[in-house]
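Engineer: Numbering (the working numbering), first residue to last: 152 to 484. The beta-carbon is built from N, C-alpha and C at its ideal position, and this holds for glycine as well. Please read these numbers as outputs of a predicted model, since none were measured by experiment.
In structure tokens:
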């Protein structure tokens, strides 16, 4: 923990600092201008909505997808919506092609603005298998190099559902796939991101050794967990998914302690959200869901953007190890 936890088991005093206040205004705390964010599982649904939110807040956004090639077109839409300057044709043979170039928004700091306006604000799509540690490591480094040499935010959103009913009769290969994607993949992303954040905090330089502007204060890791990490869903049976998501929640609580001094770790636990991941669920089952939701409906992916942006930004500078449940009240009764 780099000296944050003392030999007596207590935490070192003043090992972190609050962000510099900008005229006591709240909106600047949500700004991600000049920062770089990666969102996994961003080809559709929650991940795509979050990618839009981070781009709107001013971040460079790397959009990861596994098999959903719609992510490439969705990246173009993000660029168009948030001010595309023009497409860039990459002559690189890298498997991570440059897709889009956006104009950089002005920065509060004149010095930072002068340096960063030489670089384009970009949105790019990357095909990444999060169940491979090597692929995750390579893709994170590629995104850092492709953008402005830094990483500030990682949204670990990749996940697959359990679809085989009772655990006692489900296939072991399906169990392994769910755990590998939903829990192991989250850990891989967290571990690699944290190595970059720890270095950036210590050296205050980009991956190429240039001074970081704006200065790096801390990284933010936000994982998509689930209300299923808190309750047992019915009528569908999904013990493996529930256990994996509970693991994600406690993983991030534990990492929050380990990372004090250079990064924060939090989770968002959505309830039933109307996305492609639940398209296979029969209408009758969804009606049972609604019977148990005080707000009487499934949520929309757009209704999660605020929670993710809050945790990604300086507005959450004193928030770590926290899980935000966004479920329409499902977990309350």
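Provide the residue(s) that pair with residue 450 in DSSP beta bridges, ordered along the chain.
Structural biologist: Here residue 450 refers to the residue found at position 299 of the chain shown. Answer by DSSP bridge pairing, in chain order: 424.
Engineer: Does residue 354 pass the burial test, meaning 16 or more other C-beta atoms within 10 Å, or should it be called exposed?
Structural biologist: In the chain shown, the residue the question calls residue 354 occupies position 203. Counting Cβ neighbours within 10 Å, residue 354 comes out exposed, since fewer than 16 surround it.
Engineer: Would you mind reading off the limits of the beta strand (DSSP E) that contains residue 411?
Structural biologist: Within the chain shown, residue 411 is the residue found at index 260, counting from 1. Run containing residue 411: none; DSSP gives neither H nor E here.
Engineer: If you check the beta carbons only, do residue 290 and residue 333 fall under 8 Å apart?
Structural biologist: For the purposes of this step, residue 290 is taken as the residue at position 139 of the chain shown. For the purposes of this step, residue 333 is taken as the residue at position 182 of the chain shown. No. Outside cutoff.
Engineer: Going by alpha carbons, who is nearest to residue 468 out of 273, 179, 339?
Structural biologist: Position 317 of the chain shown, counting from 1, holds the residue named residue 468. Residue 468 has its Cα closest to that of 179, out of 273, 179, 339.
Engineer: Hey, residue 413 and residue 369 are a contact pair by Cβ (cut 8 Å); roughly how many whole angstroms apart?
Structural biologist: Locating residue 413 in the chain shown gives position 262, where the first residue counts as 1. Locating residue 369 in the chain shown gives position 218, where the first residue counts as 1. Yes, residue 413 and residue 369 are in contact; Cβ-Cβ is about 6 Å, under 8 Å.
Engineer: With DSSP as the reference, label residue 464 as helix, strand or coil.
Structural biologist: One-based indexing of the chain shown puts residue 464 at position 313. Three-state DSSP puts residue 464 in coil, outside helix and strand.
Engineer: By the DSSP assignment, the alpha helix (DSSP H) with residue 351 in it spans what residues?
Structural biologist: The sequence position of residue 351 within the chain shown is 200, counting from 1. It spans 336-354 - the alpha helix (DSSP H) in which residue 351 sits, taken as one unbroken run.
Engineer: Based on Cα-Cα distance, which residue from 361, 196, 303 lies nearest to residue 425?
Structural biologist: Translated into the one-based positions of the chain shown, residue 425 becomes position 274. Ranking 361, 196, 303 by Cα distance to residue 425 puts 196 first.
Engineer: Using only alpha-carbon positions, find the residue among 274, 348, 451, 430 that is nearest to residue 190.
Structural biologist: What you label residue 190 is simply residue 39 of the chain shown in a count that begins at 1. Looking at the Cα atoms, 274 is the closest of the given residues.
Engineer: Alpha carbon to alpha carbon, what distance is there between residue 347 and residue 474?
Structural biologist: Your numbering for residue 474 matches position 323 in the chain shown. Your numbering for residue 347 matches position 196 in the chain shown. The straight-line gap from Cα to Cα measures roughly 24 Å.
Engineer: What's the gap between the Cα of residue 388 and the Cα of residue 175?
Structural biologist: Looking up residue 388 in the chain shown gives position 237. Looking up residue 175 in the chain shown gives position 24. Taking the straight line from one Cα to the other gives about 49 Å.
Engineer: Take residue 417 as the anchor and find which of 278, 365, 459, 302 has the nearest alpha-carbon.
Structural biologist: In the chain shown, counting from the first residue as 1, residue 417 sits at position 266. That would be 459, whose Cα lies nearest to the Cα of residue 417.
Engineer: Determine whether the beta carbon atoms of residue 199 and residue 304 lie at a separation below 8 Å.
Structural biologist: Within the chain shown, residue 199 is the residue found at index 48, counting from 1. Within the chain shown, residue 304 is the residue found at index 153, counting from 1. Taking 8 Å as the Cβ cut-off, residue 199 and residue 304 do not qualify as a contacting pair.
Engineer: In angstroms with no decimal places, state the Cα-to-Cα distance between residue 315 and residue 286.
Structural biologist: In the chain shown, residue 315 corresponds to position 164, counting from 1. In the chain shown, residue 286 corresponds to position 135, counting from 1. Distance between the alpha carbons of residue 315 and residue 286 is about 28 Å.
Engineer: Kindly indicate which three-state DSSP category residue 477 falls into: helix, strand or coil?
Structural biologist: By 1-based counting over the chain shown, the position of residue 477 is 326. It is a strand residue.
Engineer: Does DSSP put residue 156 in a helix, a strand or coil?
Structural biologist: Locating residue 156 in the chain shown gives position 5, where the first residue counts as 1. Three-state result, residue 156: strand.
Engineer: Can you tell which of 464, 381, 167, 225 has the C-alpha that lies nearest to the C-alpha of residue 372?
Structural biologist: Position 221 of the chain shown, counted from the first residue, corresponds to residue 372. Among 464, 381, 167, 225, the Cα nearest to that of residue 372 is on 464.
Engineer: Indicate whether residue 466 and residue 420 have their beta-carbon atoms separated by less than 8 Å.
Structural biologist: Position 315 of the chain shown, counted from the start, is the residue given in the question as residue 466. Position 269 of the chain shown, counted from the start, is the residue given in the question as residue 420. No.
Engineer: For residue 404, which of helix, strand or coil comes out of DSSP?
Structural biologist: As a working mapping, residue 404 is identified with position 253 in the chain shown. The answer is helix: DSSP assigns residue 404 an H, G or I state.
Engineer: For the segment 274-284 against the segment 325-340, do three or more pairs of beta-carbon atoms, one drawn from each stretch, fall closer than 8 Å, so that the two count as touching?
Structural biologist: Because the criterion of three Cβ pairs below 8 Å is met, the segment 274-284 and the segment 325-340 touch.
Engineer: Examine the ligand FMN and report whether any of its heavy atoms sits within less than 7 Å of the Cβ of residue 175.
Structural biologist: Looking for the ligand FMN in the displayed structure turns up nothing, as the structure carries no ligands at all.
Engineer: Would you decide whether residue 427 is buried or exposed? Buried here means 16 or more other CB atoms lie within 10 Å of its CB.
Structural biologist: Within the chain shown, numbered from 1, the residue matching residue 427 stands at position 276. Exposed is the call here.
Engineer: So what's residue 238 in DSSP terms, helix, strand or just coil?
Structural biologist: Looking up residue 238 in the chain shown gives position 87. Because residue 238 sits at a pLDDT of 33, beneath the cut-off of 50, its placement in the model cannot be relied upon, and the following sentence gives the value as read from the coordinates. Residue 238 falls in the coil class under three-state DSSP.
Engineer: Mark residue 365 as exposed unless 16 or more other C-beta atoms lie within 10 angstroms of its C-beta, in which case mark it buried.
Structural biologist: Here the question's residue 365 lines up with position 214 in the chain shown. Buried, since its Cβ has 16 or more Cβ neighbours within 10 Å.
Engineer: For the segment 270-314, which segments carrying the alpha helix (DSSP H) assignment without a break, of at least 4 residues, lie completely within its bounds, in sequence order?
Structural biologist: Listed in chain order, the complete alpha helix (DSSP H) runs (minimum 4 residues) inside the segment 270-314 are 284-297.
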